[in-house]
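Take the position in the sequence shown, starting the count at 1, then add 70; the result is the number in the numbering used here. Here is the structure we will look at.
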Amino acid sequence: MTPILNADLHCHSVVSDGTLTPEALAARAKANGVELWALTDHDEIGGQQRAAAAAQALGLHYLTGVEISVTFLDQTVHIVGLGFNPEDPVLKLGLSQTRGGRGQRAMDMSDSLAKVGISGAYEGACKFVGNPELISRTHFARFLVESGVCRDTYEVFRKYLTEGKPGFVPHRWASLKDAVRWIREAGGVAVIAHPARYKFSTNEEFALFTEFKNHGGQGVEVVTGSHSAAEYLTYADTAREFGLAASRGSDFHSPAESHTELGTLPFLPDKLTPVWELLADRIQYTSDTSPGANAAMGH
Ligand code: AMP
Ligand code: MN
Ligand code: MN
Ligand code: MN
């Protein structure tokens, strides 16, 4: 097989805060020329079977995926897991615990929005939720757009849902150590998601990468929808400096909201190890896309 270049290993479905089903995302990835795809819902792997089956039916190479919410030095950091066994009980329990605080947090967010005159936000956000265990800030953002408070979800985050703003409720997620351990124990590779998004000092960022490596983390997103072209080069250097493999993913959520479409980012810079090279034996693929092939495969 020729080397894979167009890998898109980061996106979200209705199983977390995306607006498309796993099947629609698979079709969109295929149509956009993606060669290797992973669905990485927040703190949730309930969409993995559907994503893998849809990819298989399209002849699209697939890796299992998840994006775990972590608290590190009082900030939220996202760790992507790739190529793990989705039946692993340690991973499943860890994710279920991580999701656990979201219901109360959402009610607290609603209370704090009510104090600035926005009422009914919890009920409003719930209308956009596809998975009752996974209510996120994105669902509140969609409600605030629908009700005319803001023009788009970016404005909502800027004015209401980020640190220091009226609808923001601090939350403690999983530890970095646990998130990396769950992914590794399930046979996967852990990847630091969109590192340029965090507001760490140089020393704090060094601590994140050092501890991540010490816990057994193996990859970092270099080319992502959250990075500028300059940041691709910065984090390519960081990957080489820390001996980490490099990942690539759009972080696509929605045709109406996302600035970055599946499979359309530049390829990884040179002299990096693509993270999927570490996962060659975890890639799921069948070339038989004839009708009935899925049934024969037991899906
Ligand atoms: P949560 O896991 O509930 O804290 O929600 C996090 C999600 O909100 C992210 O995965 C993004 O989809 C979205 N998000 C976070 N910050 C922003 C931002 N500044 N602009 C747009 N979307 C954001
Ligand atoms: Mn999201
Ligand atoms: Mn993220
Ligand atoms: Mn994401």
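All C-beta atoms, glycine included, are put in the ideal place defined by N, C-alpha and C.
Query, Result
"Rounded straight-line distance, which links the Cα of L161 to that of H369", "Reliability of the predicted coordinates at H369 is poor, the pLDDT of 38 falling under 50, and the value obtained from them is presented with this limitation in mind. If I take the Cα positions, the gap works out to 23 Å."
"Chain B contact for T294 (CB, 8 Å cutoff)", "No chain B appears in the structure shown, which is made up of a single protein chain."
"Residues near G313 by beta carbon distance below 8 Å, same chain, minus five either side", "K283"
"Residues proximal to ligand 6 by C-beta, any heavy atom closer than 6 Å", "As far as ligands go, the structure on display features ligand 1, ligand 2, ligand 3 and ligand 4 and does not contain ligand 6."
"Ligand 4 heavy atom lying under 7 Å from the CB of D321", "yes"
"For S360 and S250, the rounded distance between their alpha carbons", "One detail in the question is off: residue 250 reads as Val in this sequence, not Ser. Each residue's alpha carbon lies about 38 Å from the other."
"Top-ranked residue by Cα proximity to E255, from V219, A176, T141, D158", "D158"
"Residues bridged to G135 (per DSSP)", "L152"
"Residues of its chain near Q167, where Cβ-Cβ distance is below 8 Å and the 5 sequence neighbours each way are ignored", "A244"
"Validate contact between the segment 288-302 and the segment 314-321 using beta carbons, cut 8 Å, 3 pairs", "yes"
"Bridge-paired residues (DSSP) for E291", "S317"
"Cα-Cα separation between D144 and F279, rounded to whole angstroms", "16 Å"
"Bridge partners - F312, DSSP secondary structure assignment", "F312 pairs with nothing; no bridge assigned."
"Host beta strand (DSSP E) of A263 (start-end)", "Where A263 is concerned, there is no enclosing beta strand (DSSP E), given that its DSSP letter is neither H nor E."
"Closer than 7 Å: H209 CB and nearest ligand 2 heavy atom", "no"
"For F238 and S180, the rounded distance between their alpha carbons", "10 Å"
"Collapsed DSSP secondary structure at M367 in the structure displayed", "Because the pLDDT at M367 is just 44, under 50, the model does not fix this residue reliably, and the point stays unresolved."
"Expected contact under 8 Å - CB spacing of S83 and G135 to nearest Å", "The pair is not a contact, with the Cβ atoms about 11 Å apart (cut-off 8 Å)."
"Coarse secondary structure for L303, derived from DSSP in three states", "helix"
"Among A77, L130, A191, T89, the one whose alpha carbon lies nearest that of K100", "L130"
"Outcome for S139 when other beta-carbon atoms lying within 10 angstroms are tallied against a minimum of 16", "buried"
"Proximity test, F227 beta-carbon vs ligand 1 heavy atom, cut-off 7 Å", "yes"
"For C196, the first and last residue of its enclosing alpha helix (DSSP H)", "191-196"
"Spatially closest choice to E301 from A195, P325, H264, G287, by CA coordinates", "H264"
"Counterpart residues of P344 in DSSP-defined beta bridges", "A316"
"Nearest candidate by alpha-carbon position, reference V226, set T208, V150, L303, E114", "T208"
"Residue environment, L183, which counts as buried when at least 16 other CB atoms sit within 10 Å", "buried"
"Bounding residues of the alpha helix (DSSP H) (the contiguous stretch that carries K185)", "Note, K185: premise wrong, no alpha helix (DSSP H); not H, not E."
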